[in-house]
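As structure tokens, the structure follows; a few thoughts come after it.
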Amino acid sequence: MANEEKSSEVRHRQVTTNGITMHVAEQGDLSAPPVLLLHGFPELWLSWRHQMAALAANGYRAIAPDLRGYGDTDMPADPAAYTIFHIVGDLIGLLDQLELPRVFVVGHDWGANVAWQLCLFRPDRVRALVNMGVPYFPRHPSVKPTERFKAFGEGFYITQFQEAGRAENSFAKYDVLTVLKKIFSIKMDNLSAPPGMEIMDFLEAPTSHPEWISENELQYFSEKFQKNGFTGPLNYYQNMDLNWALMAPWQGAKIQVPTKFILGDKDIGCISFGTSMYVKSGGLKSIVPNLEVVIIDGHHFIQQEKAEEVTSEILSYFSSLC
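What the sequence shown shows, in UniProt numbering, is residues 1 to 322, in sequence order.
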């Protein structure tokens, strides 16, 4: 009974990997099939609290790190230390340190993008993938990502995030709790501010937190981002063009790992950027051949908002492959 109780608790450790120290939360028996959970922006390991508990209860070992620059993981000062090679390298080093040759992987938002690249670079380390929110888009052979984003105007959030210090200065007008509430409560059709306005000023400031997160949970997020700021996470965006250049050798490559892709039908990415049509038309399946798609009722932070439904999709998919 004592061992069962211990395996059901969330355990925390610091792991040295790829030149940094990474904070990792775990839940479940150490000998159980491992599942690596990768959070997005602006999130932390805690974003997977519901899935971790369910995975542990169903015979899996949930492993949820704070990614590079987030939470209690190191935040390198050099912006160029946040390329996709660095971030995927952190994860390979983590798996090596934990002596895990292969894992199931779950990703959301930026974590989904990292998970796609992990499957592309090291398919030998991934048994299967469940990804959410951000599909795998083929690399454009000649146009950098930031050039393509210009079509959405100067107020587009990714465009504003490109300038070092700009978003941090905009965020600093508000307390961290308000910044997080603004982002977590987004329900607009796009993420572009009017001309001359910063996206953080344009986002509505809700009077309360979303129903899917408690005050204590939100306070945990707030304390971590208050301690470290948002520079590390924003560096992911500022390396998009560099990642594009680094990815040239994989031009036209397909992801062969068995994959389930979950998309919320009210996710801004689904509505505004052609994602829904790309996924439904078979565009995603053309480059991820072993693909299953699930579209559910929900917004962007789907694994928290619709935790039970998302968890059920994860468990059913992984159990079908065991």
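Even for Gly, the Cβ is constructed at its ideal location relative to N, Cα and C. As the structure is a prediction and not an experimental result, all values here were calculated from the model.
Within the chosen definition, does the region 36 to 46 reach the region 105 to 121 through at least 3 CB pairs nearer than 8 Å? yes
I'd like to confirm the pairing. Which residues does DSSP put opposite L129 in its beta bridges? V105, T259
Length at least 4, wholly inside the region 48 to 81: the alpha helix (DSSP H) runs in chain order: 49 to 57
Tell me the DSSP secondary structure of Y220 in three-state form. helix
Can you tell me whether G282 is helix, strand or coil according to DSSP? coil
Just mark H300 as buried or exposed, buried being the case when its beta carbon has 16 or more other beta carbons within 10 Å. buried
Which residues DSSP lists as bridging A32, in chain order: BP columns for A32 are empty, so no partner.
Using the three-state DSSP reduction, which class does L177 fall into: helix, strand or coil? helix
What does the alpha-carbon distance come out to for the pair C322 and A62? 16 Å
Cβ neighbours of G155 in the same chain (closer than 7 Å, five flanking residues each side left out): S192, A193, P194, P195, M197, I199
Between Y70 and N235, how many whole angstroms is the CB-CB distance? I'm expecting something under 8 Å. Not a contact, Cβ separation roughly 11 Å.
Contact the region 87 to 97 vs the region 45 to 59: 3+ CB pairs below 8 Å: no
Supposed close pair Y317, A172 - CB separation, criterion 8 Å: Actually they are not in contact, since the Cβ atoms of Y317 and A172 sit about 41 Å apart, beyond 8 Å.
Residues near L120 in its chain [Cβ-Cβ closer than 7 Å; skip 5 each side]: W250, A253, I255
Specify the secondary structure class of M1 as computed by DSSP and reduced to three states. Any reading at M1 needs caution, since the residue's pLDDT is 42, under 50, leaving its predicted position unreliable; the model's value is listed next. M1 falls in the coil class under three-state DSSP.
Around the Cβ of E313, are there at least 16 other Cβ atoms within 10 angstroms (buried) or fewer (exposed)? buried
Give the straight-line distance between the Cα atoms of G59 and S320, rounded to the nearest whole angstrom. 14 Å
Which first and last residues belong to the alpha helix (DSSP H) in which M240 is found? 240 to 246
In this structure, what does DSSP give as the bridge partners for L291? T259
Taking all protein chains shown into account, decide if V143 is buried (16 or more other Cβ within 10 angstroms of its Cβ) or exposed. exposed
Given a cut-off of 9 Å, decide if V134 and P65 are closer than it, judged by their beta-carbon atoms. no
Classify E309 as helix, strand or coil using the three-state DSSP reduction. helix
Q162 and Q97 closer than 9 Å at C-beta: no
Leaving out the 5 sequence neighbours to the left and right, which residues in its chain are closer than 7 Å to G28 when beta-carbon positions are compared? S7, L55, A56, Y60, R61, A62
Inter-residue spacing [alpha-carbon to alpha-carbon] between P79 and H23: 20 Å
How many angstroms separate the CA atom of V294 from the CA atom of L263? 6 Å
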